[in-house]
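Asks: Chains as they are written, first to last, in the working numbering: chain G, 95 to 441; chain E, 5 to 315; chain F, 266 to 596. Glycine residues also receive a C-beta, built at the ideal position from the N, C-alpha and C atoms.
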Amino acid sequence: MSEPLLNVENLRVVFNTDSGNVHAVDGVSYAVNPGSTLAIVGESGSGNSVAALTTLGLTRGERTEVSGRILFEGRDLLALPDRELREIRGNEIAMIFEDPLSSLHPVDTVGHQVMETILAHRAVSKAAARDRAIDLLERVGIPDSHRWVEAYPHEFSAGMRQRVMIAIALANEPKLLIADQPTAMLDVTAQAQILALLEELQQQLRMAMIIITHDLGVVAEMADEVAVMYAGRIIERGSTEQIFAAPQHPYTWGLLKSVPRLETSRSEELVPIPGRPPSLIDRPSGCYFHPRCPYVRDQHRRVDPRLQPVPEAPGHVVACLLLPPERKRLWEGLEAGRTPEELRDSQ
Amino acid sequence: MDRLTAEAEDDDLQMASYTVRRILRAILLLVLVSVLTYVLFTVLPDANPPQSVAPGFFGYMKDVFLHFNFGYNHPSHQSVLSLVLTRLPATLSLVAGAGLLSVALAIPVGVIAATRRGTRVDRVAMRTALAIISMPVFWLGLIVLYLLASDVGKLPILPGANSYAGLTADPGQWFKSLILPWLVLAASQAAIYSRLLRGQMLEVMDQDYIRTARAKGLSEQSVIWRHGAGAAVPGVVTALGLDIGALLGGAVLTETVFRIHGVGLLAYHAVLRSDFPIVQGTVLLAAMFIVVVSLIVDIGNAWLDPRVRFA
Amino acid sequence: MSTGPSQILLDAEASGEPPVVAFADTPALSPDRLIWRRLRSDRVAVRSVGVIILLLLIAILAPLVVDIFGVTGPNVRNPSTLNSFGLPSGPSFSHPFGVDDIGRDVLARVIYGARIALEVGIFGTVIAVVVGTAIGLLAGFYGGWIETLLMGAVDVLLAFPVVLLGLGIGDACGGGGCAGGAIGPGLGTVIFIVALTSFPYVARIVRRRVASLREREFVLAARSLGASSGRILYREIAPNLLAPLIVYSVLLVPTNILLEAALSFLHVGILPPTADWGQMISAAGNDILSGNSAWWYLVFPGLALLFTVLAFNLLGDGLLGALGRRGQTDG
Numbered sequence: 095m096s097e098p099l100l101n102v103e104n105l106r107v108v109f110n111t112d113s114g115n116v117h118a119v120d121g122v123s124y125a126v127n128p129g130s131t132l133a134i135v136g137e138s139g140s141g142n143s144v145a146a147l148t149t150l151g152l153t154r155g156e157r158t159e160v161s162g163r164i165l166f167e168g169r170d171l172l173a174l175p176d177r178e179l180r181e182i183r184g185n186e187i188a189m190i191f192e193d194p195l196s197s198l199h200p201v202d203t204v205g206h207q208v209m210e211t212i213l214a215h216r217a218v219s220k221a222a223a224r225d226r227a228i229d230l231l232e233r234v235g236i237p238d239s240h241r242w243v244e245a246y247p248h249e250f251s252a253g254m255r256q257r258v259m260i261a262i263a264l265a266n267e268p269k270l271l272i273a274d275q276p277t278a279m280l281d282v283t284a285q286a287q288i289l290a291l292l293e294e295l296q297q298q299l300r301m302a303m304i305i306i307t308h309d310l311g312v313v314a315e316m317a318d319e320v321a322v323m324y325a326g327r328i329i330e331r332g333s334t335e336q337i338f339a340a341p342q343h344p345y346t347w348g349l350l351k352s353v354p355r356l357e358t359s360r361s362e363e364l365v366p367i368p369g370r371p372p373s374l375i376d377r378p379s380g381c382y383f384h385p386r387c388p389y390v391r392d393q394h395r396r397v398d399p400r401l402q403p404v405p406e407a408p409g410h411v412v413a414c415l416l417l418p419p420e421r422k423r424l425w426e427g428l429e430a431g432r433t434p435e436e437l438r439d440s441q
Numbered sequence: 005m006d007r008l009t010a011e012a013e014d015d016d017l018q019m020a021s022y023t024v025r026r027i028l029r030a031i032l033l034l035v036l037v038s039v040l041t042y043v044l045f046t047v048l049p050d051a052n053p054p055q056s057v058a059p060g061f062f063g064y065m066k067d068v069f070l071h072f073n074f075g076y077n078h079p080s081h082q083s084v085l086s087l088v089l090t091r092l093p094a095t096l097s098l099v100a101g102a103g104l105l106s107v108a109l110a111i112p113v114g115v116i117a118a119t120r121r122g123t124r125v126d127r128v129a130m131r132t133a134l135a136i137i138s139m140p141v142f143w144l145g146l147i148v149l150y151l152l153a154s155d156v157g158k159l160p161i162l163p164g165a166n167s168y169a170g171l172t173a174d175p176g177q178w179f180k181s182l183i184l185p186w187l188v189l190a191a192s193q194a195a196i197y198s199r200l201l202r203g204q205m206l207e208v209m210d211q212d213y214i215r216t217a218r219a220k221g222l223s224e225q226s227v228i229w230r231h232g233a234g235a236a237v238p239g240v241v242t243a244l245g246l247d248i249g250a251l252l253g254g255a256v257l258t259e260t261v262f263r264i265h266g267v268g269l270l271a272y273h274a275v276l277r278s279d280f281p282i283v284q285g286t287v288l289l290a291a292m293f294i295v296v297v298s299l300i301v302d303i304g305n306a307w308l309d310p311r312v313r314f315a
Numbered sequence: 266m267s268t269g270p271s272q273i274l275l276d277a278e279a280s281g282e283p284p285v286v287a288f289a290d291t292p293a294l295s296p297d298r299l300i301w302r303r304l305r306s307d308r309v310a311v312r313s314v315g316v317i318i319l320l321l322l323i324a325i326l327a328p329l330v331v332d333i334f335g336v337t338g339p340n341v342r343n344p345s346t347l348n349s350f351g352l353p354s355g356p357s358f359s360h361p362f363g364v365d366d367i368g369r370d371v372l373a374r375v376i377y378g379a380r381i382a383l384e385v386g387i388f389g390t391v392i393a394v395v396v397g398t399a400i401g402l403l404a405g406f407y408g409g410w411i412e413t414l415l416m417g418a419v420d421v422l423l424a425f426p427v428v429l430l431g432l433g434i435g436d437a438c439g440g441g442g443c444a445g446g447a448i449g450p451g452l453g454t455v456i457f458i459v460a461l462t463s464f465p466y467v468a469r470i471v472r473r474r475v476a477s478l479r480e481r482e483f484v485l486a487a488r489s490l491g492a493s494s495g496r497i498l499y500r501e502i503a504p505n506l507l508a509p510l511i512v513y514s515v516l517l518v519p520t521n522i523l524l525e526a527a528l529s530f531l532h533v534g535i536l537p538p539t540a541d542w543g544q545m546i547s548a549a550g551n552d553i554l555s556g557n558s559a560w561w562y563l564v565f566p567g568l569a570l571l572f573t574v575l576a577f578n579l580l581g582d583g584l585l586g587a588l589g590r591r592g593q594t595d596g
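1. Against aspartate 247 of chain E, what residues of chain G qualify as contacts under a CB-to-CB distance less than 8 Å, listed in chain order?
2. Taking C-beta pairs closer than 8 Å, name the residues in chain F that methionine 139 of chain E reaches, listed in chain order.
3. Measure from the C-beta of threonine 260 of chain E to each C-beta in chain F and report whether the shortest distance is under 8 Å.
4. In whole angstroms, give me the CA-to-CA distance for leucine 507 of chain F and valine 471 of chain F.
5. Taking only the alpha-carbon atoms, compute the straight-line gap between alanine 243 of chain E and isoleucine 294 of chain E and give it to the nearest angstrom.
6. What's the C-alpha gap between glycine 567 of chain F and valine 512 of chain F?
7. With the cut-off set at 8 Å, would you say aspartate 541 of chain F and isoleucine 381 of chain F are in Cβ contact?
8. Nearest chain E C-beta to glycine 184 of chain G closer than 8 Å, yes or no?
9. Which residue from F:Ala569, F:Met545, F:Leu554 and F:Gly583 puts its Cα closest to that of aspartate 365 of chain F?
10. Just to make sure I have the definition right: I need the residues of chain G whose C-beta is within less than 9 Å of the C-beta of leucine 17 of chain E. Which are they?
11. Nearest to valine 204 of chain G by alpha carbon, out of G:Ile212, G:Glu244 and G:Gly168?
12. Less than 8 Å separating the beta-carbons of alanine 227 of chain G and valine 258 of chain G?
13. Below 8 Å CB to CB, which residues in the same chain sit around glutamine 297 of chain G once its five sequence neighbours on both sides are set aside?
14. Residues in the stretch 30 to 52 of chain E with C-beta within 7 Å of chain F's C-beta atoms, listed in sequence order?
15. Closer than 8 Å, Cβ to Cβ, to anything on chain E: give me those residues from the stretch 186 to 197 of chain G, in chain order.
16. So which residues of chain E does valine 467 of chain F contact, with C-beta pairs closer than 7 Å?
17. When the Cα atoms are used, what is the spatial distance from valine 564 of chain F to histidine 360 of chain F?
18. Measuring CA to CA, which of F:Ala587, F:Gly586 and F:Leu580 is closest to valine 311 of chain F?
19. Would you verify that the beta carbon of alanine 476 of chain F is, or is not, closer than 8 Å to some beta carbon of chain E?
20. Cβ atoms of glycine 184 of chain G and asparagine 266 of chain G: under 8 Å apart, would you say?
21. What whole-angstrom Cβ distance do glycine 442 of chain F and leucine 146 of chain E have, given they're in contact under 8 Å?
22. So alanine 118 of chain G and valine 107 of chain G are in contact, right, with Cβ under 8 Å, and what is the actual spacing, rounded?
23. Put serine 198 of chain E into one of helix, strand or coil per three-state DSSP.
24. With a cut-off of 8 Å, do at least 3 Cβ pairs link the stretch 227 to 242 of chain G to the stretch 169 to 178 of chain G?
25. Distance check for alanine 339 of chain G and arginine 438 of chain G, CA to CA, integer angstroms please.
26. List, in order along the chain, the chain G residues whose C-beta lies closer than 7 Å to that of threonine 123 of chain E?
27. If distances are taken between C-alpha atoms only, which option among G:Asp398, G:Ser239 and G:Ala325 comes closest to valine 116 of chain G?
28. Under a three-way DSSP split, which group does asparagine 104 of chain G fall into?
29. Find the nearest neighbour of valine 84 of chain E within the set E:Tyr76, E:Arg91 and E:Thr90, judged by alpha-carbon distance.
30. Enumerate in chain order the residues of its own chain whose CB-to-CB distance from threonine 149 of chain G is below 6 Å, with the five nearest sequence positions on each side excluded.
31. Excluding the 5 residues preceding and the 5 following leucine 424 of chain G in the sequence, name in chain order all residues of the same chain whose CB lies nearer than 6 Å to its CB.
32. Name, please, each residue of chain E whose Cβ falls closer than 7 Å to the Cβ of arginine 180 of chain G.
33. Using 8 Å as the threshold, is the C-beta distance between threonine 111 of chain G and arginine 157 of chain G below it?
34. Would you report the Cα separation of serine 267 of chain F and leucine 570 of chain F, rounded to the nearest angstrom?
35. By a C-beta neighbour count over all protein chains shown, 10 Å radius and 16 as the cutoff for buried, is lysine 220 of chain G buried or exposed?
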């Protein structure tokens, strides 16, 4: 097992706002190996983006408390001064964002925006940077890129803009790419194309990737490992096969069951997860998920579950107070088409 | 399917079409402005005996547009237009210098106040700006003269009122005499624009593309000035260009205080003497000037920011 | 000073959207109450309201205030205060603000000057808002050629530099009045100029708001339920206009007060012997430039102007902040 490229240890991020302290990330740990892909799954407001942004130091501010360690190739990114962190951003670790239209500078040509990244980290001439930019745009699938290099972002379609973002991110061949909901603003076709492009580039550059998403389809296609976040914590983590074949946490079940899959039988109902994500200022007692969990017991309101390994599944951990045999039964019941209410009442 | 938008192909066509549309609109505005001037100065006042409006109106329009005749000042045997033209350099000196100075002042103040939002620097800067905005520019001018004018001031260091000389006549004096007027007029304009710019900067710095710039690893200076200010400043400069009426108003008052023989002082003296043609002609010329300047600013803006061309 | 729209007006015009208050976790308060609450907690804004009320009282009760201070009236000349050269005396016990060049007590004149400033500022603004709102409503709601016509007229007016236009109209109407006597010389003319030059901004903002609201879902919903245009205007659109209009009006007042002072300074506004701040500054200016260093009747009217205008500007800033859009001063 090779040394992980990125090792997040017990990361905590708290924003001090006028309404109270927002515990966006509450003791999160994960690792990414070189060349592999980790998906961080969770609803909006679960802190998944914040963890990623903190990796690049993009959440630093006066009213932000960050603790823990983020080890990148052995260096703790959280301890680095801004100057050194800047050398890593856009260079060894790059990021692409959800909305390519607002994330690209509106009054700057696309080519120049790519060139900027190159010139910030490589001592090359402008002409050389421009050539490379044209190359990159071609590589991400923008045809006739020597013409498009002078165009402005608003002249492109959404999918093309995302390609430009990818070109910017990959300009300096980073070791790690963080993609924050890269396909959320795209239609289905563009989505497929962008994912395929990312996969291809990842192979070519042997790059590690962290994809933040709440689309399980994206997870299934791209990820090697999955971390499911809820209310600022990781509540389940494992390989993609483990998570899809034998998910352990009721929240994960809810996510899987709320999305139609090809195997879903016609009579089976889609079951959305009831309720709303909890406030990150005032979190529920005990298990954070207990207010929305169909199988909640009394004890769950008082005890805070820690991540425990799943028996016979190396590398698979879950934070749930239900016992493994119980969970197995419930999941198998859900797979067989029973509803959570039925299963709960039949205990 | 990813489609590259067709509009991207005819960049120049867009620009040309926008330019033509804007010019046509400006021409229409020039005509309408003349009509309104006529209404305000000839139809509205009771002092003039009620004459039939039509012949006077059409004669007037012919005069303005065909003969460029904006009135005649009988005592001095000069046309209004030539009078204005002789006074124009002084006003331009004042306005151009003050305009540039105000931008030079407003940009650092606005950007720094925004990046140091909430700190003492920010609060002091914005409160000072608000105080300057709340005082009449002519009062500020008089106070400055009272304190610093070489002839009447308490601390005589700079030439006071009535010391203006033309640029070609005496460059040194021209410059020295304009220092106080420039400072006064620029201060009052800069106060407005630094506040505007601060607001714009705060909005811009919140935008996603600033986050992208940071994620690229660019230096904070580059992010603030190139990306942040680069996006915020043009909007404010455009506002300045479009609000040139306010700048002209301030110029009129400054000329009156400092006795600079520009177009503003011309109009002021004409009012004191009840010299009607000059007043009317000056107002009309000023309005036409503003229409033309707005046209140039709009076209320049469209050239710089392509998104505007689709308006 | 701005003789056109102040920066805050430009800023207010630029945004067209109502603010979004997003506090998912706090109990829902209706937007109005939230704004009210925020406004009340803004100390500067509250103090400004206090100052404005005080100024209004002083203006309305001017004769009483003059008596309280025990100074002579605004038009009373006191020859004893002028020395042998005819030069006025400065601040003293009997004349706290000194006297002007012909012996009139400056404090009294400053107090009475508040009347003019506030009358013109407030009435002129009210007229401008009423006219501008009417035009903006019609143009924004009906669109089409009505909009083109009305907004075209507004654009034409906006092409004129405010001070010069005021100078011209003041000259034209200063002699014998305008519009068949409806606009008298002096106060009437000044109010006319103020209203004429400010209503276009109101019309623009209102039109933009109405035009954007017209397309919004709740209006389309009301229409589909068969509501008439009038009803829609009244129930759906008007309430959304109230808040920005109030803010804009508050911000227009200081601009108009300054415009009035500028017009008087240029001798086309309120004419002597009526006490008027702009006029006082003009007279003081003349004297100072001829070497007479009687600073008190330059400084005090100017401070009065500064104080008054600042109060309205601070209140306007506070209102902008309470509406959710950060004003240009954060606390």
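Replies: Here's the rundown:
1. Here residue 247 of chain E refers to the residue found at position 243 of the second sequence. Under the 8 Å cutoff, chain G gives no residues; its nearest Cβ is about 22 Å from aspartate 247 of chain E.
2. Working through the second sequence from its first residue, we reach residue 139 of chain E at position 135. Those are Met266, Gly567, Leu570, Leu571 and Val574, listed as they occur along chain F.
3. Within the second sequence, numbered from 1, the residue matching residue 260 of chain E stands at position 256. True, the Cβ-Cβ gap to chain F drops below 8 Å.
4. As a working mapping, residue 507 of chain F is identified with position 242 in the third sequence. As a working mapping, residue 471 of chain F is identified with position 206 in the third sequence. For leucine 507 of chain F and valine 471 of chain F, the distance between alpha carbons rounds to 10 Å.
5. Translated into positions along the second sequence, residue 243 of chain E becomes position 239. Translated into positions along the second sequence, residue 294 of chain E becomes position 290. Between the C-alpha atoms of alanine 243 of chain E and isoleucine 294 of chain E there is a straight-line separation of about 13 Å.
6. Within the third sequence, numbered from 1, the residue matching residue 567 of chain F stands at position 302. Within the third sequence, numbered from 1, the residue matching residue 512 of chain F stands at position 247. One C-alpha to the other measures close to 25 Å.
7. For the purposes of this step, residue 541 of chain F is taken as the residue at position 276 of the third sequence. For the purposes of this step, residue 381 of chain F is taken as the residue at position 116 of the third sequence. Yes. Within cutoff.
8. On the first sequence, residue 184 of chain G is found 90 positions in, with the first residue counted as 1. Yes, contact with chain E.
9. Mapped onto the third sequence, residue 365 of chain F falls at position 100. Nearest C-alpha to aspartate 365 of chain F: F:Met545.
10. Against the second sequence, residue 17 of chain E aligns to sequence position 13. Within 9 Å Cβ-Cβ: nothing; leucine 17 of chain E doesn't reach chain G, min ~14 Å.
11. On the first sequence, residue 204 of chain G is found 110 positions in, with the first residue counted as 1. Of G:Ile212, G:Glu244 and G:Gly168, the residue nearest in Cα terms is G:Glu244.
12. By 1-based counting over the first sequence, the position of residue 227 of chain G is 133. By 1-based counting over the first sequence, the position of residue 258 of chain G is 164. Contact: no.
13. Along the first sequence, read from residue 1 onward, the residue named residue 297 of chain G stands at position 203. Result list for glutamine 297 of chain G: empty, nothing under 8 Å.
14. Leu33, Leu36, Val37, Leu40, Leu44, Phe45, Leu48, Pro49, Asp50 and Ala51
15. Those residues of the stretch 186 to 197 of chain G that come within reach of chain E (Cβ to Cβ, closer than 8 Å) are Ala188, Met189, Phe191, Asp193, Ser196 and Ser197.
16. Counted from its first residue, the third sequence places residue 467 of chain F at position 202. Here the premise fails: no neighbours, minimum Cβ distance about 16 Å.
17. Here residue 564 of chain F is taken as the residue at index 299 of the third sequence, counted from 1. Here residue 360 of chain F is taken as the residue at index 95 of the third sequence, counted from 1. Valine 564 of chain F and histidine 360 of chain F: Cα-Cα distance of roughly 15 Å.
18. Residue mapping note: residue 311 of chain F aligns to position 46 of the third sequence, counting from 1. Of the candidates F:Ala587, F:Gly586 and F:Leu580, the one whose C-alpha sits nearest the C-alpha of valine 311 of chain F is F:Leu580.
19. Mapped onto the third sequence, residue 476 of chain F falls at position 211. By this cut-off, alanine 476 of chain F is not an interface position.
20. Within the first sequence, the letter at position 172 stands for residue 266 of chain G. Within the first sequence, the letter at position 90 stands for residue 184 of chain G. The answer is yes: Cβ separation under 8 Å.
21. Position 177 of the third sequence, counted from the first residue, corresponds to residue 442 of chain F. Position 142 of the second sequence, counted from the first residue, corresponds to residue 146 of chain E. With 8 Å as the limit, glycine 442 of chain F and leucine 146 of chain E do not qualify as a contact, their Cβ atoms being about 31 Å apart.
22. Here residue 118 of chain G is taken as the residue at index 24 of the first sequence, counted from 1. Here residue 107 of chain G is taken as the residue at index 13 of the first sequence, counted from 1. So it is a contact: roughly 5 Å between Cβ atoms.
23. For this step, residue 198 of chain E is matched to residue 194 along the second sequence. In the structure shown, serine 198 of chain E sits in a helix (DSSP, three-state: H, G or I).
24. no
25. For the purposes of this step, residue 438 of chain G is taken as the residue at position 344 of the first sequence. For the purposes of this step, residue 339 of chain G is taken as the residue at position 245 of the first sequence. The alpha-carbon atoms of arginine 438 of chain G and alanine 339 of chain G are separated by roughly 21 Å.
26. Numbered from 1 along the second sequence, position 119 holds the residue referred to as residue 123 of chain E. Simply none; closest approach about 10 Å.
27. Numbered from 1 along the first sequence, position 22 holds the residue referred to as residue 116 of chain G. Relative to the Cα of valine 116 of chain G, the nearest Cα in the group G:Asp398, G:Ser239 and G:Ala325 belongs to G:Ala325.
28. Position 10 of the first sequence holds residue 104 of chain G. Asparagine 104 of chain G falls in the strand class under three-state DSSP.
29. Here residue 84 of chain E is taken as the residue at index 80 of the second sequence, counted from 1. The shortest Cα separation from valine 84 of chain E among E:Tyr76, E:Arg91 and E:Thr90 belongs to E:Tyr76.
30. Here residue 149 of chain G is taken as the residue at index 55 of the first sequence, counted from 1. Once the five neighbours on either side are set aside, the close Cβ partners of threonine 149 of chain G are Ile164.
31. Residue mapping note: residue 424 of chain G aligns to position 330 of the first sequence, counting from 1. For leucine 424 of chain G, the CB contacts under 6 Å within the same chain, skipping 5 residues up- and downstream, are Leu437 in chain order.
32. Against the first sequence, residue 180 of chain G aligns to sequence position 86. Within 7 Å Cβ-Cβ: Gly221 and Ser223.
33. Taking the first sequence and counting its residues from 1, the one referred to as residue 111 of chain G is at position 17. Taking the first sequence and counting its residues from 1, the one referred to as residue 157 of chain G is at position 63. Result yes, Cβ atoms of threonine 111 of chain G and arginine 157 of chain G sit closer than 8 Å.
34. Here residue 267 of chain F corresponds to residue number 2 of the third sequence, with the count starting at 1. Here residue 570 of chain F corresponds to residue number 305 of the third sequence, with the count starting at 1. Summary for serine 267 of chain F: the model assigns pLDDT 40, below 50, so the residue's position carries little reliability; its value from the coordinates is reported in the next sentence. Their Cα atoms are separated by approximately 13 Å.
35. The sequence position of residue 220 of chain G within the first sequence is 126, counting from 1. Per the 10 Å Cβ criterion, exposed.
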